[in-house]
Amino acid sequence: MPFFRRCVLRAATRGCPQSAQTSFPVTKAGGKQNADVILAVGLPFSRFGQEKKEFRDYLYRKGEICFCYSGNDYRIRIKDVMVFPQCYAAIADRMRMYGAESLIVDIGSKTVDVIHVQKYVPVERESTSIPEALIQCMENIKSSVYQICNKKVSEDIIRQMIVDGDAMIPEDCKSVIRDGLRNFAKGIEAKLSELGFDLEMMPVVYAGGGAMVMKRYGRVQGNYVHYLEDIRVNARGYEYLARQKCKL
0 MPFFRRCVLR AATRGCPQSA QTSFPVTKAG GKQNADVILA VGLPFSRFGQ
50 EKKEFRDYLY RKGEICFCYS GNDYRIRIKD VMVFPQCYAA IADRMRMYGA
100 ESLIVDIGSK TVDVIHVQKY VPVERESTSI PEALIQCMEN IKSSVYQICN
150 KKVSEDIIRQ MIVDGDAMIP EDCKSVIRDG LRNFAKGIEA KLSELGFDLE
200 MMPVVYAGGG AMVMKRYGRV QGNYVHYLED IRVNARGYEY LARQKCKL
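Written as structure tokens, this is what we have:
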């Protein structure tokens, strides 16, 4: 039974509250236009227990759903909705690579999800979501570039500086952007330390769009720091967990 991708989920859940829309990375389609499907979706770990049932009930639809996407007509029937915790899903298929204890840090657009894993199991009381992430980082950088250089910089340029460390813009603007990204990475590391985690005493796995920021601009580096730079890593994790659940 296929698991369907982000575009289909949007069509099936139009009107969904904003808090849920941020949690929609899902798995691949299977190439069918008429099929029974399983939705594999996620919620932030800190809200997972409280909102899982409500989120599942919201997404579940009885009967046939018809819609058009990219000029193709689709007819689907939702047979099940499986909800998994974000961040944990990112490393679900590779958890043993990082040892019995690790710290998973998923840096997204709006939140930073942190999960402490002990004996390969997430410790809920030591896991949390920080409501400040890449969107706020970019806004701060754009404001700094305007104030210091009297220039307007786009998010595309900032992303290029994250990925490549360079861009075809004036040197003073690049310097401000680099400083902003270093400050963001330093702030993430400081917040993790405030939460009681020693980043040099356990494997740290950075995931999400911010993994590239930490890789290039983070202070703590080493063989025990890992970066999952695939922005679809949670979606792939949802598919992996759903397939494992279907085998039971």
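Quick note, the sequence shown lines up with residues 0 to 247 if you use my numbering.
All residues carry an ideal CB built from backbone N, CA and C; glycine is no exception.
On a predicted model such as this, the values are computed, not experimentally measured, just so you know.
query	result
Length at least 4, wholly inside the stretch 180-236: the alpha helix (DSSP H) runs in chain order	210-216
Buried or exposed by the 16-neighbour rule on C-beta atoms within 10 Å, applied to V122	exposed
Top-ranked residue by Cα proximity to K173, from L198, K190, A184, Y145	Y145
Burial state of F3 (16 or more Cβ within 10 Å)	Here the model assigns F3 a pLDDT of 49, short of 50, so the residue's position is not dependable, and the following value carries that caveat. Result: buried.
Closer than 8 Å: H115 CB and nearest the ligand MN heavy atom	Here there are no bound small molecules, and the ligand MN is not part of this structure.
Buried or exposed (CB count within 10 angstroms, at least 16 for buried), S126	buried
At least 3 beta-carbon pairs within less than 8 Å: the stretch 84-101 vs the stretch 189-196	no
Given G207 as reference, the closest of S108, N139, C67, E100 once Cα atoms are compared	S108
Three-state secondary structure assigned by DSSP to R74	strand
Bridge partner(s) assigned by DSSP for V80	L38
Residue-chain proximity (K141, chain D), Cβ-Cβ < 9 Å	The structure shown contains no chain D; it is built from a single protein chain.
Three-pair Cβ contact test at 8 Å for the stretch 108-120 versus the stretch 143-158	no
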